[in-house]
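Okay, structure first, notes after.
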Amino acid sequence: MSSTKNSKWIWYLFPSNIATQGLSTVIPLYVIFLGGNIGEIAIIVALQNGASALGSIFWGKVIDRFRIRRSVILLSFFVVMLCSLMMYFTNSINILYLISPILGFFLVGKNPVTQLLVMESIHKNQWHWLFARTSIIGTFGMLGAMIIGTIGSVYFDLRPYFLICAASCVATMGLSMTIKESQFHLEISSIAHSIYGLRYIISHFYLVFPRIPELYDYKHIITIFKGKVTDAIGIFYITNFLFYLGSNIYFTAFTPFLKNYGFSNSGVFLIYMIQTAVMISIFFTAPRFISKIGEERATSLSYAPRIAAVLIAGLFIPITISQVSFTVAIISASLMVIAFSIFSTASSVIFFKSIPQGFEGKYLGVNSSITTVGLFIGALSTGQLANSFGYTIAYVVASGILAASFALFRVYFRYRLSNKMA
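So the number in the working numbering is just where the residue sits in the sequence shown, counting from 1, plus 23.
Below, the structure is given as structure tokens:
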């Protein structure tokens, strides 16, 4: 099987990530431009996260039932293009409340398509190579979105950026025509059986439901709240919940936080551009770092830059000025992606090793639902915390939640180790 011939579809990831990352960055800025604040942004982000979770379930089922790939991409990015054009013409935050869940629902459609295309394009022993390539191309798309925003916002207001996102959707649809529907069929649940697929989806997409969880599937978490630990995986779930809860408080607040302290739109885009460049560089070094010191130690160490990033932003940006403040913001943003790259890669391997054979889909579905709740609550609580107590307190709370996640991870590892030795 020729890997080059069968993976031409991969280039649709570049413009699709320009649109995806571009919209996630410009929408909070646009809310502020229209006179909104952190409260409105928090609601919009929460609505988009919730709709993304529903979209993950829906598109996975559609792909499994009808065995389509290209049609999902075409439909998803046609709707995203329409949403981008609607935002270009609107002056109402209320309209953004309606558009954001639609965006969340349709943007997530490309995720299961990408995962299955990788696994259907080449032999299993080459999956890691193609998953890595999709990461590189997708991240360069994100970098492109930030470069366009940094330069464009110097000369124009935010509205034309939505036209760039719409044009990127058109390019995505054009390049997706290279996708050929497979002669054979893999179900979306198959991604849960590959360490390469699992590592990729946890690192990039958060929300994957190869199997929709039932109440019984949450027994490992429920028993913990009853004062009994039946399996260490329950502790891992709560650890992940707290990690994404604390992290999303940071990310939801970051753009309005920067604007509140006088950063220009171009300055915000530039910070995200540098952050993305750091993400690209750490992509090549994180796997070697993790293999050298081990997954458990790497995950533990990843909390330090994550918590430091939150505290640096919350405590030092408010008391610094001009170039110093900008430098502090870059340091904070860079530490966040360094920490996440290490955490997501190492913890996905730990998670994979913790799943009993044959239960991958169920465990991944529970993990995704727990992550969804963490992201949703994190976004909503950000507005309340920032409006009631200020950004600094919101970031101190976020750092405390991340510290609790770290403590639980250490408990999880000790519990798992003691059970192995028993």
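Beta carbons are placed, not taken as given, at the ideal position from N, Cα and C, and that holds for glycine.
If you follow the alpha helix (DSSP H) that Asn288 is part of, which residue opens it and which one closes it? The residue given as residue 288 occupies position 265 in the sequence shown. Asn288 to Ile316 is the span of the alpha helix (DSSP H), which, as asked, contains Asn288.
C-beta contact flag for Phe100 and Leu181 at 8 Å: Along the sequence shown, one-based indexing puts residue 100 at 77. Along the sequence shown, one-based indexing puts residue 181 at 158. No, Cβ-Cβ distance for Phe100 and Leu181 is not below 8 Å.
Look at Glu204 and Ile96 and say whether their C-beta atoms are less than 8 Å apart. Your numbering for residue 204 matches position 181 in the sequence shown. Your numbering for residue 96 matches position 73 in the sequence shown. Contact: no.
Could you check which residue in Thr113, Asn134 and Ile118 has the C-alpha nearest to that of Arg93? Position 70 of the sequence shown, counted from the start, is the residue given in the question as residue 93. For Arg93, the closest alpha carbon among the candidates Thr113, Asn134 and Ile118 is that of Asn134.
Could you tell me whether the stretch 294–308 touches the stretch 350–365, using the rule of 3 or more Cβ pairs below 8 Å? yes
State the Cα-Cα distance for the pair Gly132 and Ala76, rounded to the nearest angstrom. Working through the sequence shown from its first residue, we reach residue 132 at position 109. Working through the sequence shown from its first residue, we reach residue 76 at position 53. Computed Cα separation, rounded: 11 Å.
My understanding is that Ile80 touches Ile272, with C-beta atoms under 8 Å, so please give their C-beta distance in whole angstroms. On the sequence shown, position 57 is the one that residue 80 refers to. On the sequence shown, position 249 is the one that residue 272 refers to. That pair is no contact at about 25 Å.
Taking the straight line between their C-alpha atoms, what separation do you get for Thr137 and Ile344? Counting from 1 along the sequence shown, the entry for residue 137 is found at position 114. Counting from 1 along the sequence shown, the entry for residue 344 is found at position 321. Spanning the two alpha carbons is a distance of roughly 43 Å.
Assuming Ala369 contacts Ala332 (C-beta within less than 8 Å), just tell me the rounded distance between them. Looking up residue 369 in the sequence shown gives position 346. Looking up residue 332 in the sequence shown gives position 309. Contact doesn't hold; Cβ gap of about 18 Å is too wide.
Going by CA-CA distance only, name the one from Phe429, Ile416 and Ala409 that's closest to Glu63. Within the sequence shown, the letter at position 40 stands for residue 63. Of the listed residues, the one whose Cα sits closest to Glu63 is Ala409.
DSSP state of Ala445, grouped into three classes? To locate residue 445, count along the sequence shown from 1; it is residue 422. Per-residue confidence for Ala445 stands at a pLDDT of 46, beneath the threshold of 50, marking its modelled position as unreliable; no derived number is given.
Just reading off the alpha helix (DSSP H) that Pro279 is part of, what are its end residues? Mapped onto the sequence shown, residue 279 falls at position 256. Residues Ala255 to Asn283.
What does the Cβ neighbour count give for Thr308, buried or exposed, with the cut at 16 atoms within 10 Å? Translated into positions along the sequence shown, residue 308 becomes position 285. The residue in question, Thr308, is exposed, as its Cβ has fewer than 16 Cβ neighbours within 10 Å.
Identify whether Thr27 lies in helix, strand or coil by the three-state DSSP scheme. For the purposes of this step, residue 27 is taken as the residue at position 4 of the sequence shown. Only weak support is given to the placement of Thr27: the predicted model assigns it a pLDDT of 49, under 50, and the question is left unresolved by the model.
Cβ pair Gly127, Gly78 closer than 8 Å: Looking up residue 127 in the sequence shown gives position 104. Looking up residue 78 in the sequence shown gives position 55. It is a contact, given that the beta carbons lie within the stated cut-off.
Among residues of its own chain, excluding the 5 on either side of Ile335, which ones have a beta-carbon nearer than 8 Å to its beta-carbon? Position 312 of the sequence shown, counting from 1, holds the residue named residue 335. Only Val351, Ile354, Ser355 and Leu358 meet the Cβ criterion.
Kindly indicate which residue of Ile297, Asp254 and Ser392 has the alpha-carbon position closest to the one of Thr173. Counted from its first residue, the sequence shown places residue 173 at position 150. Closest by alpha carbon: Ile297.
Relative to the C-alpha of Ile170, which candidate in Ile187, Ser158, Thr278 and Thr157 has its C-alpha closest? Looking up residue 170 in the sequence shown gives position 147. The shortest C-alpha separation from Ile170 is found at Ile187.
Could you check whether the Cβ of Phe277 sits closer than 8 Å to any Cβ belonging to chain C? As a matter of chain content, chain C is missing from the structure shown, which is built from one protein chain.
Note down, in chain order, each residue of its chain lying with its Cβ closer than 7 Å to the Cβ of Phe116, except the 5 sequence neighbours on either side. For the purposes of this step, residue 116 is identified with residue 93 of the sequence shown, where counting begins at 1. According to the sequence provided, residue 116 is Ile. The question's Phe does not apply to it. Excluding sequence neighbours, Ile116 sits near Val54, Leu57, Gly59 and Glu63.
Going by C-alpha to C-alpha distance, which of Val177, Pro183 and Thr48 sits closest to Leu166? Reading the sequence shown from its first residue, position 143 is the one you call residue 166. For Leu166, the nearest C-alpha among the options comes from Thr48.
N-terminal and C-terminal residue of the alpha helix (DSSP H) that Phe112 is part of: Working through the sequence shown from its first residue, we reach residue 112 at position 89. Arg93 to Phe112 is the span of the alpha helix (DSSP H), which, as asked, contains Phe112.
Could you compute how far the alpha carbon of Ser107 sits from the alpha carbon of Leu98? Locating residue 107 in the sequence shown gives position 84, counting from the first residue. Locating residue 98 in the sequence shown gives position 75, counting from the first residue. If you take the alpha carbons of Ser107 and Leu98, they lie about 14 Å apart.
Mapping the DSSP letters down to three states, classify Phe37 as helix, strand or coil. Translated into the one-based positions of the sequence shown, residue 37 becomes position 14. In this structure, Phe37 counts as helix in the three-state DSSP scheme.
Among Gly423, Leu338 and Pro328, whose alpha-carbon lies nearest the alpha-carbon of Ser364? To locate residue 364, count along the sequence shown from 1; it is residue 341. Checked all of Gly423, Leu338 and Pro328; the closest Cα to Ser364 is Pro328.
The alpha helix (DSSP H) spanning Gly164 covers which residue range? Numbered from 1 along the sequence shown, position 141 holds the residue referred to as residue 164. Start and end: Trp150 to Tyr178.
Might you give, ordered along the chain, the residues of its own chain that have their beta carbon closer than 8 Å to the beta carbon of Lys31, omitting 5 neighbours on each side? Within the sequence shown, residue 31 is the residue found at index 8, counting from 1. Excluding residues within five positions, the ones whose Cβ falls inside 8 Å are Thr201.
Kindly indicate which three-state DSSP category Thr343 falls into: helix, strand or coil? Here residue 343 refers to the residue found at position 320 of the sequence shown. Here Thr343 sits in coil by DSSP.
Assigned exposure category for Leu387 - 16 Cβ within 10 Å defines buried: Indexing the sequence shown from 1 puts residue 387 at position 364. Buried, since its Cβ has 16 or more Cβ neighbours within 10 Å.
Based on Cα-Cα distance, which residue from Ser191, Met142 and Ala255 lies nearest to Arg439? Taking the sequence shown and counting its residues from 1, the one referred to as residue 439 is at position 416. Comparing Cα-Cα distances from Arg439 to each of Ser191, Met142 and Ala255, the minimum goes to Ala255.
Under three-state DSSP, which class holds Glu319? If you number the sequence shown from 1, residue 319 lands on position 296. The answer is helix: DSSP assigns Glu319 an H, G or I state.
With distances taken between CB atoms, is the gap from Ser270 to Ile330 smaller than 8 Å? Stepping through the sequence shown from its first residue, residue 270 is reached at position 247. Stepping through the sequence shown from its first residue, residue 330 is reached at position 307. Their beta carbons are not under 8 Å apart, which means Ser270 does not touch Ile330 by this criterion.
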